[in-house]
Structures are given as structure tokens and as C-alpha cells.
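Data block below; observations after.
Residue numbers (our numbering): 4 to 182.
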């Protein structure tokens with residue numbers, strides 16, 4: 004992921020545009036469209052619990068405990084809930100903005116011997132600003148996203164997303180949004 008000699012500007016641009024479009028859909032609460040156009044049905048979406056450990060004890064991200072661990076069905080249920088009256092934490096609706104930066108394209112594997120069909124690992128940093136109601140209070144959450152993305156015939160879909168939140172203590176009242 005750090006060899007400048009192998010940098011592919013076209014691939015980087017294509018995947019960055021995908022991430023920016025995805026963020027626009029999430030910011031505008033177009034969650035059904037996000038799922039339909041950006042997410043593969045084999046999705047695995049995880050937000051591992053972060054622990055504060057000594058350096059020699061690892062990176063601090065749990066493999067067993069998650070703040071969120073969803074597949075297609077769980078994401079579908081989460082999105083349906085956002086639209087229901089049961090989503091009291093989203094009434095009034097949150098104002099949210101995803102700032103996606105430092106997009107890094109890693110390992111790319113061609114599918115079927117066609118360079119236009121591939122899977123790639125894409126890392127990005129995300130800062131989420133969230134506010135609600137007339138209060139000046141807001142949430143800021145920063146994280147690294149590690150995505151596995153597949154492109155087939157120009158159709159780009161998210162296969163796997165791991166969100167590594169920078170803080171061990173998430174100082175937000177609820178977790179009713181998608182990274």
C-alpha cells in the first residue's frame with residue numbers, strides 16, 4: 004500500500020469517487036439507495052470494540068467484541084428501523100456529515116482475467132460531524148475504514164467494511180448512523 008511506483012491514478016480516482024458518492028448518500032439519509040447501489044449482499048460490516056492496551060499487547064481492536072456487526076439482513080433491518088416511528092433517537096433527524104480523506108488503495112486482484120473486474124482493499128480516514136436539534140452540542144468521531152470493494156463491469160460494491168474508531172470511549176448518545 005506504500006509503493007509509489009505502483010500507484011494507479013485511474014483506480015484511485017474511481018474508488019475515491021465511489022467513497023464520496025457513498026458519503027453523500029449517507030449524509031442525506033438516502034439509506035435504501037446506499038444499500039441498493041453501494042453494498043453487496045454478501046456484506047460484512049463491523050465496528051470492533053477498541054481497548055487501550057500496552058504497545059506490546061497489540062493494536063487494541065477486539066476480534067470478538069463489536070459495537071456493530073452486521074450482514075445484509077441486519078443492515079436492512081437497521082435501515083427499516085430508521086424509517087419507522089420506533090427510531091425516536093432520529094426524531095428530529097440528525098444532521099450528519101462524513102469527511103473522507105487519505106484514501107489509500109491497497110491490494111488489487113483481477114477477477115476473471117479482466118482488468119476492469121477486480122477486488123481491492125481500500126483504506127480511508129473518516130471524520131463524522133453530527134448534530135441534532137437547536138443545541139450547539141455535536142459529536143465528532145474519527146476512524147479508519149478498511150474496505151474490501153468489488154468492481155464488476157463498472158458496478159462498484161462494498162463487500163466488507165471494518166471501522167476502527169480512534170477513541171476507546173465513544174462519547175455519543177447513540178450509534179444510529181452508518182460510518
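Glycine residues also receive a C-beta, built at the ideal position from the N, C-alpha and C atoms.
Just so you know, these numbers come straight off a predicted model, no measurement behind them.
*Verify whether the separation of the beta carbon atoms of residue 148 and residue 170 is less than 8 Å.*
no
*asked:* Just to confirm before moving on: does the CB-CB distance between residue 152 and residue 172 stay below 8 Å?
replied: no
*asked:* Please state whether the Cβ-Cβ distance between residue 45 and residue 162 is less than 8 Å.
replied: yes
*Just grab the DSSP bridge partners of residue 117 for me.*
114
*Start and end of the alpha helix (DSSP H) containing residue 76?*
75–85
*asked:* On a Cα-Cα basis, can you pick out the residue from 29, 12, 10 that is closest to residue 103?
replied: 29
*Under a CB-based cut-off of 8 Å, is residue 104 close to chain C?*
No chain C is part of this structure, which consists of one protein chain only.
*Report the three-state DSSP secondary structure of residue 21 (helix, strand or coil).*
helix
*Could you check the C-alpha separation between residue 19 and residue 108 for me, to the nearest Å?*
9 Å
_When 32, 121, 114 are compared against residue 86, the one with the closest alpha-carbon_ = 32
*Is the beta carbon of residue 123 less than 8 Å from the beta carbon of residue 182?*
no
_Exposure label - residue 54; buried when at least 16 CB within 10 Å_ = exposed
*asked:* Residues in the same chain with beta-carbon distance under 6 Å from residue 41, minus the five sequence neighbours each way, listed in chain order, please.
replied: 25, 161
*Going by C-alpha distance, which of 73, 10, 21, 110 is nearest residue 166?*
73
*Burial state of residue 21 (16 or more Cβ within 10 Å)*: buried
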